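Asker: Residue numbers (UniProt numbering): 1 to 247.
The C-beta atom is built at its ideal place from N, Cα and C for all residues, glycine as well.
Keep in mind that this is a model prediction, so the values were computed, not measured.
The following block contains the structure, expressed as structure tokens.
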Ligand code: SAH
């Protein structure tokens, strides 16, 4: 039997945002390796599977990547149907590309299944149209957390004219603000900071570039959160349902 691993996106949290293909993979799974940010509720689709938590949240106890690789390989080689379940989309800041490459190099067939990435879901749940016609010509998904020496070129992004959707930015608000201001972005550029997007306890904090760090502090913004920086962030309708306004 050919060894195979499904690398599946579980979406941002709301179990209804799982794709039908993800559900099919989960139903077939013998083993599910699950990340921290995945909502356990999606496991209702794989009641018989062995579920192994291999989370790696920044700053917390984490499972070494090499161990995750070996675990997937071992189960796949034993003929098990392995699902590697990741928050959001597996290839948006999710190491899906690395894992797929490693597995293929070791003779394992890989099938990638998209998930709805947190940045897109967060914006939608706050009624923010990321590429509103006449306001934003594009959208940039960017991480504020880089492990290698490469730095994000925030100053170039400030000039890009695209809406910026920032992942892993909560601890980097000061640096992001300074760099974007230095790059010429307007101090009053609207910013939405969205915590636990798509979940019942989603919270959103509306601010603007120069005040975002202060407002996030007053709001006690916590990870996981995304930032939406751009004029479109001011075009959102008031979401009175679960919204907490700050500032
Ligand atoms: N592959 C994931 C991203 C993993 S990186 C995806 O496509 O969504 C982890 C970062 O994603 C978090 O630090 C946070 O910035 C963001 N994130 C993940 N889930 C989130 C959620 N429900 N609400 C807000 N941000 C989230």
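With H, G and I counted as helix, E and B as strand and the rest as coil, what does DSSP make of residue 9?
Answerer: Three-state result, residue 9: strand.
Asker: Exposed or buried, residue 26, counting other C-beta atoms within 10 Å across all chains shown (16 or more means buried)?
Answerer: Answer is buried; the Cβ neighbour count reaches 16.
Asker: The beta strand (DSSP E) that contains residue 50, what's its start and end?
Answerer: Where residue 50 is concerned, the enclosing beta strand (DSSP E) stretches over 50 to 53.
Asker: Roughly how many whole angstroms lie between the Cα atoms of residue 110 and residue 78?
Answerer: Rounded to the nearest angstrom, the two C-alpha atoms are 15 Å apart.
Asker: In three-state DSSP terms, what is residue 139?
Answerer: Looking at residue 139 - three-state DSSP - the assignment turns out to be strand.
Asker: So, with DSSP's three-state summary, where would you put residue 176?
Answerer: In the structure shown, residue 176 sits in a helix (DSSP, three-state: H, G or I).
Asker: Going by Cα to Cα distance, which pick from 229, 65 and 218 is closest to residue 268?
Answerer: It is not possible to answer for residue 268, since the shown part of the chain is limited to 1 through 247.
Asker: Does the separation of the CB atoms of residue 207 and residue 232 fall below 8 Å?
Answerer: Not in contact: residue 207 and residue 232 (Cβ atoms no closer than 8 Å).
Asker: Three or more C-beta pairs closer than 8 Å, one from the stretch 112 to 120 and one from the stretch 89 to 101: is that the case here?
Answerer: Yes: the two stretches touch, three or more of their Cβ pairs being nearer than 8 Å.
Asker: Under a Cβ-count criterion, where at least 16 other Cβ atoms within 10 Å of its own Cβ denotes burial, should residue 59 be classed as buried or exposed?
Answerer: With a pLDDT of 47 at residue 59, under the threshold of 50, the modelled position of this residue cannot be trusted, and the question is left open.
Asker: Which partner residues of residue 189 appear in the DSSP bridge assignment?
Answerer: Paired residue(s): none; residue 189 is not in a bridge.
Asker: Run the CB neighbour count on residue 172, radius 10 Å, all protein chains shown included, and call it buried at 16 or more, exposed below.
Answerer: Label assigned to residue 172: buried.
Asker: Taking only runs that begin and end inside the stretch 72 to 96, name each unbroken beta strand (DSSP E) of 3 or more residues, in chain order.
Answerer: Listed in chain order, they are 82 to 86.
Asker: Bridge partners for residue 41 per DSSP, in chain order?
Answerer: Residue 41 pairs with nothing; no bridge assigned.
Asker: Any idea what DSSP makes of residue 201, helix, strand or coil?
Answerer: In the structure shown, residue 201 sits in coil (DSSP, three-state: anything other than H, G, I, E or B).
Asker: With a Cβ-Cβ cutoff of 8 Å, do residue 139 and residue 166 count as a contact?
Answerer: Their beta carbons are not under 8 Å apart, which means residue 139 does not touch residue 166 by this criterion.
Asker: Closer than 7 Å to a non-hydrogen atom of the ligand PLP - does that hold for the CB of residue 86?
Answerer: The model depicted lacks the ligand PLP and carries the ligand SAH instead.
Asker: Under 8 Å, do residue 22 and residue 108 count as touching if we go by C-beta distance?
Answerer: No, the pair does not count as a contact, with Cβ atoms beyond the cut-off.
Asker: Taking the C-alpha atoms as reference points, what is the distance between residue 6 and residue 169?
Answerer: C-alpha separation (whole angstroms): 29 Å.
Asker: Is it the case that the CB of residue 254 approaches a heavy atom of the ligand SAH more closely than 7 Å?
Answerer: Lying before the first or after the last residue shown, residue 254 is absent from the chain, which here runs from 1 to 247.
Asker: For the ligand SAH, any of its heavy atoms closer than 7 Å to the Cβ of residue 55?
Answerer: Checking the Cβ of residue 55 against the ligand SAH gives no.
Asker: Name the two residues that bound the continuous beta strand (DSSP E) containing residue 17.
Answerer: Segment: none, residue 17 is in no beta strand (DSSP E) and carries neither H nor E.
Asker: Could you check what DSSP says for residue 128 in three-state terms: helix, strand or coil?
Answerer: If DSSP states are grouped into helix, strand and coil, residue 128 belongs with coil.
Asker: Give me whichever residues DSSP pairs with residue 225 in a beta bridge.
Answerer: DSSP output for residue 225 lists 195 as bridge partner(s).
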